[in-house]
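J.:
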Amino acid sequence: MITAQLSSFSAAISETYNIEEPSTFWTCRPHFERLLGSGFLADLLSTQLGYCLSGQGEVIQAATGSSARVMLPSGVQIDILLLDPTVDDDKLLSYPSHVLMGFASASDDARLVLERYRHVEPYRNDVFDGRAMLEKQPDQVLRPMDVSEVSAGWEVFRLRSVDRPIPLVLLQSKPFLDFAWQYDPGTLMPMQAICPNSSAYRLFYTTKLLGEVTGRGNIESLLRISEYKSHFVRWSALQALFAVDAEAGRARLAGAVDDPHPRIRGAAKKALARLG
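The opening position of the sequence shown corresponds to residue 49 in our numbering, with each subsequent residue numbered one higher.
(1) Please determine, among Q220, L160, S209, the residue with the shortest C-alpha to C-alpha distance to R191.
(2) Going by DSSP, what residues sit across from M149 in a beta bridge?
(3) Taking the alpha-carbon of S114 as reference, which of D127, E163, L301, A291 has the nearest alpha-carbon?
(4) Smallest Cα separation from L92: which of I108, E169, A294?
(5) Have a look at G234, R272, I267, K277 and flag the residue whose alpha-carbon is nearest the alpha-carbon of C243.
(6) Taking 9 Å as the cut-off, decide whether the C-beta atoms of P149 and L218 are in contact.
(7) Does DSSP classify A186 as helix, strand or coil?
(8) Helix, strand or coil, according to DSSP, for F205 in the structure here?
(9) Rounding to the nearest angstrom, what Cα-Cα distance links K222 and A248 in this structure?
(10) Please report the Cβ distance between L330 and A241, rounded to the nearest whole angstrom; I am assuming they are in contact, meaning their Cβ atoms lie under 8 Å.
(11) Report buried or exposed for T95, applying the criterion of at least 16 other Cβ atoms within 10 angstroms of its Cβ.
(12) Return the residue from the list P186, D307, R77, D177 that minimises the CA-CA distance to R166.
(13) Who are Q230's beta bridge partners in DSSP?
(14) Would you kindly check if the distance between the Cβ of I50 and the Cβ of V124 is under 9 Å?
(15) Please state the DSSP three-state secondary structure of H279.
(16) Hey, out of L236, E81, A299, whose CA is closest to R179's CA?
(17) List the endpoints of the continuous beta strand (DSSP E) containing S115.
(18) Please report how far the alpha carbon of L270 lies from the alpha carbon of L289, in whole angstroms.
(19) Which residues mark the beginning and the end of the beta strand (DSSP E) in which L93 is found?
(20) Decide if C76 is buried, meaning its Cβ has at least 16 other Cβ atoms within 10 Å, or exposed.
(21) Run the CB neighbour count on V198, radius 10 Å, all protein chains shown included, and call it buried at 16 or more, exposed below.
(22) Between H309 and D174, is the Cβ-Cβ spacing less than 9 Å?
(23) Under 8 Å by Cβ, that's how I've got P133 and D194 pegged, so tell me the actual separation to the nearest angstrom.
(24) Kindly indicate which residue of L207, W202, K256 has the alpha-carbon position closest to the one of L130.
(25) Quick one: what's got a C-beta closer than 6 Å to A299's C-beta in the same chain, skipping five residues either side?
(26) Could you check whether Q230 and Y143 sit closer than 9 Å to each other, using their CB atoms as the reference points?
(27) In whole angstroms, give me the CA-to-CA distance for F88 and L54.
(28) Roughly how many whole angstroms lie between the Cα atoms of V204 and A294?
(29) For R298, which of helix, strand or coil comes out of DSSP?
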C-alpha cells in the first residue's frame with residue numbers, strides 16, 4: 049500500500065525510467081523536486097499511523113530508529129533519514145544505485161553540508177582493489193528544495209554540518225552494482241564490501257547449508273546457482289556441489305577457470321592443480 053501522492057509519483061517516473069537502463073533514472077529529477085515540495089512526507093506518516101492503528105497494513109516497509117523505507121511499483125525506493133545534529137556520520141559508503149536526495153523544511157535557513165568524494169580511476173565494483181582510493185571533491189551545501197545527484201559506485205558522500213533535525217529524502221534507482229563499498233575516512237581506501245542484494249545472501253547461505261546437508265537431489269539446483277550473477281554465490285554453489293557430488297563438482301570447477309571474476313578463475317586453477 050502507498051499513498052495517492054506516491055502512487056502518482058511512481059506512475060510519472062515510470063514514463064521515462066527503465067530499470068534495465070540505469071542512466072534513465074536521472075529523468076526522475078523534476079518529478080522528485082515536485083514530490084519534495086508537495087508535503088508528501090506528512091501525508092505518508094499520517095497514512096502509516098492510520099494503517100498501523102487499524103491493522104490494514106503498512107506504507108513503510110522497513111524502518112529503524114532514524115530511517116524509513118518505501119518501495120514503489122516503478123522499481124525505485126525512497127529512504128527517509130532523520131538527521132540528528134548531535135550524531136556524527138562517520139561512515140564513508142558508496143551506493144550500488146543512483147541517488148537523488150533533498151529535503152523540505154519549514155525554515156528557509158536550514159542547511160545540510162555534504163562531503164563529496166569520487167574515485168580517481170575506473171575500478172571493478174565486484175573486485176577488491178586496494179589502489180581504488182577516493183579523491184576529495186568540494187563540499188556541497190544543500191538548502192530546502194535543493195536536489196543533489198550521486199552516481200552509483202563512483203561518487204561517495206558523507207553528511208556533515210547539520211544544525212537541526214532534518215528529514216532527508218533519498219530516491220534510489222534499482223541497484224545495478226553488486227556491492228556498496230565502505231572506505232576508511234582517514235586514508236580514503238576501500239575497507240570492505242557490502243552486498244545489498246538480499247536474494248544473493250539467501251542463496252549464499254542456502255548453498256552453504258546444502259554443502260553440509262548432502263543429497264544428490266540438489267545437484268541440478270546447485271549447477272544453476274553456480275551460474276548466478278554474484279561471484280561469491282557462484283563460488284559457494286561450486287563448493288557445495290563438490291560436497292554433494294565430487295565428480296559433478298570437478299566438472300563445474302573445470303569450467304570456472306574461464307569465470308568472469310578473477311578471484312574465481314584463480315581459485316579454480318589452484319584447486320584443479322591440487323586435485324591433479
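Backbone N, C-alpha and C fix where the C-beta goes; we use that ideal spot for every residue, glycine too.
Because the structure is a prediction, the values reported are computed rather than measured.
T.: Well, looking at it:
(1) L160
(2) S196, L218
(3) D127
(4) I108
(5) K277
(6) First, the residue type needs correcting, since residue 149 is Met and not Pro in the sequence shown. Yes, they are a contact pair.
(7) Note that residue 186 corresponds to Pro in the displayed sequence, not to Ala. Strand at P186.
(8) strand
(9) 15 Å
(10) It is not possible to answer for residue 330, since the shown part of the chain is limited to 49 through 324.
(11) buried
(12) P186
(13) L141, Q240
(14) no
(15) helix
(16) L236
(17) 115–119
(18) 6 Å
(19) Per DSSP, L93 belongs to no beta strand (DSSP E); it is in the alpha helix (DSSP H), 88–102.
(20) buried
(21) buried
(22) yes
(23) Not really, about 19 Å apart at Cβ, beyond 8 Å.
(24) L207
(25) none
(26) no
(27) 8 Å
(28) 44 Å
(29) helix
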